[in-house]
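For reference, the structure discussed in these notes is given below.
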Amino acid sequence: SEEVLKNLVGHEKEVTKLLFDDCGNLISGSKDRSIRIWELDSDSTTARTLKGHQDEVVSMDLAKNDFLFSGSRDGEIRKWDIPKLLCVE
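The sequence shown begins at 4 in my numbering and counts up by one.
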């Protein structure tokens, strides 16, 4: 039988993109225009949230585990400083 190991709830709309960083965190982008960073090896089911896109997040990629690049449906690309949780560009 299959069992759910952890249920992650937070996005208000569909999740459009998932990726893992080198620390084992799950990063999710959504149609709700937010990005969430989930620490899977902790007991918490809450996530750090990155907000700033004006349209749904449709693509993401990591650079050296320090920066996350995200793209939204309106053509905007953002660069996020993951350790500081800031949009730097």
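We put the beta carbon where it would ideally sit given N, CA and C, even for glycine. Here the structure is a predicted model, which is why all the values come from computation and not from measurement.
Integer-rounded CB distance, given that residue j should sit under 8 Å from residue i
i, j, result
"Phe70", "Ile80", "That belief does not hold up - the Cβ atoms of Phe70 and Ile80 are roughly 12 Å apart, past 8 Å."
"Leu96", "Leu29", "For residue 96 there is no data in the structure shown, the boundaries of the chain being 4 and 92."
Simplified DSSP state of residue i, which is helix, strand or coil
i, result
"Ile30", "strand"
"Arg36", "coil"
"Lys87", "coil"
Residues of its chain near residue i, where Cβ-Cβ distance is below 6 Å and the 5 sequence neighbours each way are ignored
i, result
"Ser31", "Val18, Leu21 and Arg39"
Residues near residue i by beta carbon distance below 8 Å, same chain, minus five either side
i, result
"Asn68", "Asp24, Asp25, Cys26 and Ile85"
Cross-strand partners of residue i (DSSP beta bridge)
i, result
"Arg51", "Ile40"
"Arg81", "Ser73"
"Leu21", "Ser31"
Cβ neighbours of residue i in the same chain (closer than 7 Å, five flanking residues each side left out)
i, result
"Lys34", "Lys16, Glu17, Thr19 and Glu59"
Cβ pair count under 8 Å reaching 3, the region 57 to 69 against the region 41 to 48: no
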